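Just so you know, we're using our numbering here: the sequence shown kicks off at 25 and counts up by one.
Glycine included, each C-beta is placed from N, C-alpha and C at the ideal position.
Since we're looking at a predicted model, the values are computed, not measured.
Heads up: the structure comes next, in structure tokens.
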Amino acid sequence: MEKQMTSTGSFVIVVGFDGSENSRNALRWGIDEAKQRSGEIRLITAWSKPPLAWYPALLETAAGEVVTEDSPRQAAETLQAAALKAAEDEGVSATGEIVHNDSAASALLDAAQGADLVVVGSRGHGGFPGLHLGSVATQIVNHAPCPVLVVRPKAS
């Protein structure tokens, strides 16, 4: 099976990242794969809180300082910055996109156009305990235009 090259000329791996342990495992797998294939990572972090559903909560620290809670977008930016740094620390070229989209699956499927591989965790933050495959992973497996790897947690 011959590898398809994208317009950048390298093997492009889209990784869905929401900060969950499963998405961290997917990121680690994506970084390792990119290293083996001299590829690059396209990191997608979607957030979906409608603007009126969130307002800054004031929190008092133990030292008595008042701080505000991060907005959903700020939280996504913080998560993605740490993930991009992890890739960079491993010597892997990585770009990131933060998408405001009510459907993380749609955001990932859009990003998968022209990619060589999509890597997702088996489940993210949402869903019901005990499910083996979350709704986002199921949609990606069924609709991605390229191969998909679903990273499951290691058995304990």
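Margin query: Whole angstroms are fine: how far does the CA of residue 61 sit from the CA of residue 69?
Written below: The sequence position of residue 69 within the sequence shown is 45, counting from 1. The sequence position of residue 61 within the sequence shown is 37, counting from 1. As the crow flies, the alpha-carbon of residue 69 is around 23 Å from that of residue 61.
Next item on the list: Within the same chain, show all residues whose beta-carbon is closer than 7 Å to that of residue 136, passing over the 5 residues directly before and after it, in chain order.
Entry: On the sequence shown, position 112 is the one that residue 136 refers to. Only residues of its own chain outside the window of five on either side were considered, and among them 38, 142, 168, 169, 170 have a CB closer than 7 Å to the CB of residue 136, listed in chain order.
Check: Counting along the chain, where does the beta strand (DSSP E) carrying residue 118 start and finish?
Finding: As a working mapping, residue 118 is identified with position 94 in the sequence shown. Taken as a continuous stretch (DSSP letters only), the beta strand (DSSP E) holding residue 118 covers 117-124.
Checklist line | residue 154 (DSSP reduced to helix, strand or coil) | finding: Within the sequence shown, the letter at position 130 stands for residue 154. Here the model assigns residue 154 a pLDDT of 49, short of 50, so the residue's position is not dependable, and the following value carries that caveat. In the structure shown, residue 154 sits in coil (DSSP, three-state: anything other than H, G, I, E or B).
Check: Based on the DSSP output, what are the partners of residue 65 in its beta bridges?
Finding: On the sequence shown, position 41 is the one that residue 65 refers to. Answer by DSSP bridge pairing, in chain order: 37, 118.
Notebook entry, point to check: In its own chain, which residues sit with a C-beta less than 6 Å from the C-beta of residue 128, not counting the 5 before and 5 after it?
Noted result: On the sequence shown, position 104 is the one that residue 128 refers to. Cβ within range, chain order: 70, 160.
Check: Measuring CA to CA, which of 52, 36, 58 is closest to residue 43?
Finding: Residue mapping note: residue 43 aligns to position 19 of the sequence shown, counting from 1. Of 52, 36, 58, the residue nearest in Cα terms is 52.
Checklist line | Three-state secondary structure (DSSP) of residue 139 | finding: Your numbering for residue 139 matches position 115 in the sequence shown. Looking at residue 139 - three-state DSSP - the assignment turns out to be coil, as it is neither helix nor strand.
Note to self: Give me the DSSP bridge partner(s) of residue 145.
What the structure shows: The residue labelled residue 145 in the question sits at position 121 within the sequence shown. For residue 145, which the question treats as bridged, DSSP gives the partners 175.
Checklist line | DSSP three-state assignment for residue 78, whether helix, strand or coil | finding: Within the sequence shown, numbered from 1, the residue matching residue 78 stands at position 54. Because the pLDDT of residue 78 is 49, which lies under 50, any placement of that residue in the model is unreliable, and the number read from its coordinates should be weighed accordingly. Residue 78: coil per DSSP, three-state reduction.
Next item on the list: Whole angstroms is fine: what's the gap from residue 124's alpha carbon to residue 54's?
Entry: If you number the sequence shown from 1, residue 124 lands on position 100. If you number the sequence shown from 1, residue 54 lands on position 30. Between the alpha carbons of residue 124 and residue 54 lies a distance of about 23 Å.
Next item on the list: Could you check what DSSP says for residue 110 in three-state terms: helix, strand or coil?
Entry: For the purposes of this step, residue 110 is identified with residue 86 of the sequence shown, where counting begins at 1. In the structure shown, residue 110 sits in a helix (DSSP, three-state: H, G or I).
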